Amino acid sequence: MTLEYHLAELMQRGASSNRESVLRRALEQYEKYLMRLDEYLLLPGGDKKLFEQYMANPTSFTLAPSNDAAARREIKVTRFREEKELKQKLEVCCASRKLYGSFAYSI
32 MTLEYHLAEL MQRGASSNRE SVLRRALEQY EKYLMRLDEY LLLPGGDKKL FEQYMANPTS
92 FTLAPSNDAA ARREIKVTRF REEKELKQKL EVCCASRKLY GSFAYSI
């Protein structure tokens, strides 16, 4: 289920002469990942609303007005913490999959 997420992460890290094209492809992968989460009803209520707003108008979507620096910073910090928490959960999921996968083969 996290394939698109990992692809987008890899695309962002890669070096390319056409950075804009790479970022657009990464964005497409992130959108696919979020759509999949939405299909499986895994997006929390607030994130689901944000995703719906984004999908309605992706080119002008923003979390906070550009003229309110304090609000933008607060949102950025909050989203960073949420992202860090989700990455930790993904790592636990992957680690447990490896552990149980290897355990199943050893029986």
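Numbering (my numbering), first residue to last: 32 to 138. From the three backbone atoms N, C-alpha and C, an ideal C-beta is built for every residue, glycine too. Only a predicted model underlies this, so the values are computations on that prediction, with no experimental measurement involved.
- Counting only the Cα atoms, Gly45 lies some 22 Å from Leu117.
- In the same chain as Arg104, and ignoring 5 residues on each side of it, no C-beta atom comes closer than 6 Å to its own.
- Taken atom to atom, the span from the alpha-carbon of Ala39 to that of Lys80 is near 22 Å.
- The three-state reading of DSSP puts Leu65 in helix, counting H, G and I together.
- Rounded to the nearest angstrom, the gap between the Cα atoms of Glu114 and Arg50 is 23 Å.
- Annotation: the continuous alpha helix (DSSP H) that includes Leu38 extends over Leu34 to Arg44.
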